[in-house]
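> Chains as they are written, first to last, in this note's numbering: chain R, 16 to 189; chain V, 17 to 612; chain X, 45 to 335.
Ideal Cβ placement from N, Cα and C applies to all residues, glycine included.
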Amino acid sequence: MAIQGIDFANLSLMDALDLAILIEDEAQERYQDFAAQMEQHHTPEAAKFFTYMVENEAKHGRELLARRTQLFGDTPRQVKAAMIFDVEAPDFDEARAFMSAREAMAAALASEVKAHAFFESALPSIKDPDVRALFEELRIEEIEHQELVQLELAKLGKDNGVDGSAYEDEPAAQ
Amino acid sequence: MRKDLVFGMAGSGGDGIVSAGDSLLQAAAAEGYHGVMTKSFGSQIRGGESSCRVRIATEPILNPGGNLDVAVALNWEDFLKFGAELPVSGNTVVIYEAATGIKETEIPLVGVTPLQVIAVPIAAMAKETAGTERAKNTVVLGLIAGWFGIGAVAVMKGIRKKLAKKGEELVNANQRAFDAGRAFAMEHPLKTSMAVMPSETKGQVKLITDGNDMCAAAAIFAGCQFFGGYPITPSTEIMQFFTDHVWKYGGAVLQAEDEIAGIGAAVGASFAGKKSMTATSGPGLSLKSEMMGLASIAELPLVIVDVQRGGPSTGLPTKTEQSDLFAACFSAHGDVIRPVLAPTSVADTFRITIEAFNIAEYYQTPVIILSDQEIASRKETLDPIDTSQFKIINRQEPHGADLVDYKRFKQTDNHISPISHPGMLGGTYLASGIEHVESGAPTNSGSVHQRMNDKRTKKFDPLKDRKDLFEVLGNPDAPIAMIAWGSIAGVCREALAMAQAEGLNVKLLVPYLLYPVAEGVYNEFFTSVQKGLIIEQTHLAQTFKLLRMHIDLPKGVKSLARSGANPFLPGEIVAALHHLLSELQRSHEGQLQPQE
Amino acid sequence: MSATCEFQAKDYKSDLKPIWCPGCGDFSVVQGIYRALAAIGRPPHEIAFVSGIGCSSRIPGYTTAYGFNSVHGRSLPIAQGIKLANPDLLVLAAGGDGDGFSIGGGHIAHLIRRNVDITYIVMDNQIYGLTKGQLSPTSQKGRVTCTSRFGSLEEPVNPLLYVLAYGAGFVAQASPTDLAGMAAVIEEAIRYPGFAFVNIQSPCVTYGEEAQQIRGLKAISESLVSLGHNPADRLAAMDLAQHYGEKMHLGVFYRNPEPAPTYDALVRERQALLSKDALPKENILDLFIKK
Ligand SMILES: Cc1ncc(C[n+]2csc(CCOP(=O)(O)OP(=O)(O)O)c2C)c(N)n1
Ligand code: SF4
Ligand SMILES: [Mg+2]
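(1) Between Leu271/X and chain R, is the shortest Cβ-Cβ distance under 7 Å, so that the two count as touching?
(2) Mind checking Thr428/V: buried by the 16 CB within 10 Å criterion, or exposed?
(3) Taking the straight line between their C-alpha atoms, what separation do you get for Gly37/V and Leu96/V?
(4) Does any CB atom of chain R fall closer than 7 Å to the CB of Phe339/X?
(5) Can you name the residues of chain R whose CB is closer than 9 Å to the CB of Arg79/X?
(6) For His349/V, is the classification buried or exposed, using 16 other Cβ atoms within 10 angstroms of its Cβ as the cut-off for buried?
(7) Return no unless some Cβ of chain X is closer than 7 Å to the Cβ of His75/R.
(8) Taking just the CA atoms, how far does Leu530/V sit from Cys68/V?
(9) Does the segment 509-522 of chain V come within contact of the segment 390-398 of chain V, defined as at least 3 CB pairs closer than 8 Å?
(10) Within 7 Å (strictly less), CB to CB, does His56/R reach chain X?
(11) By DSSP's criteria, Tyr67/R is part of a beta bridge. Which residues make up the other side?
(12) So Ile443/V contacts chain X; which residues on that side make the cut at Cβ distance below 7 Å?
(13) Just how far apart, CA to CA, sit Met45/X and Glu90/X?
(14) Grouping DSSP H, G and I as helix and E and B as strand, with all else coil, what is Asn113/X?
(15) Out of Tyr528/V, Ala517/V, Glu273/V, Lys547/V, which one is the CA nearest neighbour of Ala7/V?
(16) Ligand 1 heavy atoms versus the CB of Thr175/X: any closer than 6 Å?
(17) Who are the near neighbours of Ala47/X in its chain, counting only those whose CB is closer than 6 Å to its CB and skipping five residues on each side?
(18) Given the structure, does Met120/R come close to ligand 4, in the sense that its CB is under 6 Å from one of the ligand's heavy atoms?
(19) Could you check the C-alpha separation between Met53/V and Val362/V for me, to the nearest Å?
(20) Would Tyr251/X and Ile171/X be called neighbours here (beta carbons separated by less than 7 Å)?
(21) If you draw a straight line from the alpha carbon of Ser27/R to that of Phe287/V, how long is it in whole angstroms?
(22) Locate the alpha helix (DSSP H) running through Glu166/R, then write down its first and last residues.
(23) Going by the beta-carbon positions, is the gap between Val115/X and Ile126/X smaller than 7 Å?
(24) Which residue wins for smallest C-alpha separation from Ala97/R, given the options Gly76/X, Asn300/X, Ala304/X?
(25) Please find out if some non-hydrogen atom of ligand 2 comes closer than 6 Å to the beta-carbon of Thr182/X.
(26) Can you list, in chain order, the residues of its chain with a C-beta nearer than 6 Å to that of Ala343/V? Leave out the 5 residues immediately preceding and following it.
(27) Check Leu317/X in the structure and name its three-state DSSP category.
(28) Pick out whichever of Tyr288/X, Pro220/X, Pro121/X has its Cα sitting closest to the Cα of Val12/X.
(29) Going by the DSSP bridge assignment, what does Ile99/R pair with across the sheet?
(30) With Gly213/X and Pro303/X assumed to form a contact (beta carbons below 8 Å), what rounded beta-carbon distance in angstroms separates them?
(31) For Ala42/R, which residues from the same chain have a beta carbon less than 6 Å from its beta carbon, with the 5 sequence-adjacent residues on both sides left out?
(32) Would you list the one or two residues that DSSP bridges to Ala135/V?
(33) What is the DSSP secondary structure of Ser575/V, reduced to helix, strand or coil?
(34) Would you mind working out which of Phe541/V, Arg578/V, Ser544/V sits nearest Thr559/V, comparing C-alpha positions?
(35) Does the distance between the C-beta of Trp263/V and the nearest non-hydrogen atom of ligand 2 fall short of 6 Å?
(36) Would you list the one or two residues that DSSP bridges to Cys68/V?
As structure tokens, this is what we get:
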């Protein structure tokens, strides 16, 4: 249940923009959480990548916010954070102790794919042409995001087969 | 005329011997006497043997006394079951039920010839006057009034009040039984009169209560607003008192599902900023130990009362013992100092309980009050206590600047950190059983652990200088000494007086603070000591060992220890002191230059 | 209540870094709690959050509330002491399945029958996480763990049925597969006047089984709303609760439509009723005068 209490058919442009902002916020927050988790667990490569994702999402969020402000000023937001869940954010359990940068990227890639699927599936029910245009734009952006992650993956070079499961993954018992 | 009389009475459960003791004590108090009453029961839930001891004196008394002056046996089988608890000597007047059919010369007491033995047809008199044998205890009270001059008026006044609701006829029946007893006594005077002198304080107000009620009342006085516990003999009355009263002071009481939940709720209430308490006895103390450790490391004030009974396990649930000392000092794992205090009487239970709260609050620590079955359940008459002389200490809370970047476990000069509680703006922190840094955040750093252990133990240093938590009686320079705590201290106080009367140069140290061991106080006490006894009711000599663990005891200081339910008598302690003196003299004679 | 200014989820997040394994379901639970608390809007210093011991029991430290990370299995006794000492506080208790249903299992029935106004959140991962993967009381029969090499021989407890049978006034289940739903359920539990229980299926990524990870949970999850369940119907709730372990029903199983008075409220009533009988404290010993 990624979305709750939203009627796409009658979504206004302001609400659509706010929704997009919330989706970016959520993803940003999740990546932040992941980055912190990885740092805490001495997995700097994955942490670094998640931090990169935080910046990406933040940048995107800022752009959307600027547009929203230009169009609608500070008219109070109608949609709530509680209405969305894990649209662009990876599942909570995607993070893993000692995950490699490759695994981190794979998780992010999967989320971008998930986000793309979300916009794609929402599109048919949208009536408002402006909202439609926005969602179409966002959908395409998700593809761009995927490409960005792919690029990072390519930078890693060939997979040496080492991933998190190669490490003993044991918390200290108490 | 006598200034002090010890009555011991035994019968079957239905004989009402304990309620007779109650009536006698109340009558004595009404007549201005000082009194102490203890009860003792067999193991049956109902209808087993029961006994009581009532000591009445014109001067304040500190224990239930030694040998009986007056023994009352409604039947011998029951009386004998109490053995050492009701010791008869050559100075005892023995009164017993004639219907037992035993001749006055053949009573089943081995090795003693009482002062006088009187068979009284108690049951027959009850039946004849009141129409029921149930009134036997009233006949006994009449006998006592007749022979010993206590309660001639006050006893019936009390009974009248007690039975008022039950109707005039019952009151009259009791009056007739009482009169018959008294008349019997008048017609058969004792060979040596044993009537008690009238009290000079007749007409003054006296309180009557037991150690448990006193402890609970003191707790409420000290500001305790929460009690969580689970019933266990002989501590339950503390919870019952709270149930009756604490609501009135805005507090609450919880009868929890077990001891762990009881102390858990008390820990929670303390965390929430309220003074709180739990009470239990041996088996419950074992269950509470993990939570006590939690309160120690989380530095939460809490008072735990342990009313000792015979252990281990269920042990002797209705008898007194001092064998929880080690458990009180050392249970719960880890490096922990947890103050342990012990009252020695009902009267000083008031002060000690307040001290326990003050120490708990000031040092932010759990404190154990080590009471015992005897103090908890015995009734004492007391002169009114001036409560205004007691200072109440409350935990130090953070204010103003403390609450900017508040650190709950901040290192301070005295190692005590101001403590906030939920609801206090700026004071949020994490309380935890896990080791923590000053802010409260968990850590597993060895150096922090070392520092925090230091903080949590050093903070108690000033407590060891609290000389007011010790009492030295007798000549401070005496070469012969006793140390005793809890109810046994009362017996030793009496032994001290007896020994002094016999010309012995003795002193007695009564510690109210048992742990941490105040080395300085003991060392000072021992400077003059060449021979001594540490007297306690434990099989393993726990007090002796606890002191030896902390102090180089003088060579001549020995242990006098025995298991619970085997009371010490002042006389036997005096005999032991005489023995020490003769040892001392012998060793002096062996020296060329006798010591001063 | 002094909820004057608005609070946001981040206002309840502390600076402590969770020790949890990356990916642990408990990360979602703490998020859900932040959100629920923000929705309720009580300032952090008016909240007391108690836990036992376990991975999950670290949770109070990750909030800005007054936290108490106590001893294994005893969050509920401590929480009720806090609530009785100061009924104005919002009191939360939380812990793991071992903490709640094994060592601390005896306390639940009593908190429920007393109806102390506390919200109790169990992070149910069907395993002992902190002690490295032993059998827990909610582990499935046959489950292989380091203390059940050849498979567990025991039936698991059914926490939902258990608390419903004890008579809890509010019983719900949530999971990280639906964070918004989790937050909503926790919020509702907190608002419920009385003992409220929320079981959260919170996967242990380190010792949990594949089927209990988020993907697996998604496959068996079903919202109670979508089933048309009426939360006022206790028997229907019990019926649905039977599926614990096979299906994961999310949402409110039962909410007593007529909440019973809470223990803390009754305590207050009693205090008010009896306060007029109080002797001044300095005269308390007058109780022992026998006239
Ligand atoms: C009295 C006591 N017994 C045992 C332990 C060890 N112990 C710590 S946590 C735990 C179980 C943890 O499982 P659970 O409660 O399910 O929490 P999780 O770690 O899974 O979140 C145990 C047995 C303890 N701390 N205290
Ligand atoms: S062991 Fe399991 S429950 Fe514990 S932190 Fe790791 S994932 Fe979470
Ligand atoms: Mg668990």
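If we stick to the structure as given:
(1) no
(2) exposed
(3) 18 Å
(4) Since the first residue of chain X shown is 45 and the last is 335, residue 339/X is not available in this structure.
(5) Ala96, Ala97
(6) exposed
(7) no
(8) 30 Å
(9) no
(10) yes
(11) Answer is none; Tyr67/R lacks a bridge partner.
(12) Checking the displayed sequence, the identity of residue 443/V turns out to be Gly instead of Ile. Correct list: His89.
(13) Note that Met45/X scores a pLDDT of 41, beneath 50, so its modelled location is shaky and nothing firm can be said.
(14) strand
(15) Since the first and last residues shown for chain V are 17 and 612, residue 7/V lies out of range.
(16) yes
(17) Confidence at Ala47/X is low in this model, with a pLDDT of 43, below 50, so its placement is unreliable and the value that follows should be read with caution. Taken in chain order, the residues that qualify are Gly85, Arg86.
(18) The model depicted lacks ligand 4 and carries ligand 1, ligand 2 and ligand 3 instead.
(19) 11 Å
(20) yes
(21) 50 Å
(22) Glu is not the amino acid found at residue 166/R; the sequence shown has Leu there. Counting along the chain, the alpha helix (DSSP H) containing Leu166/R begins and ends at 144-171.
(23) no
(24) Gly76/X
(25) no
(26) Leu301
(27) helix
(28) Absent from the structure is residue 12/X, since the part of chain X shown begins at 45 and ends at 335.
(29) Ile18/R
(30) 5 Å
(31) Glu72, Glu103, Ala104
(32) Tyr112/V
(33) strand
(34) Arg578/V
(35) no
(36) Met25/V, Lys55/V
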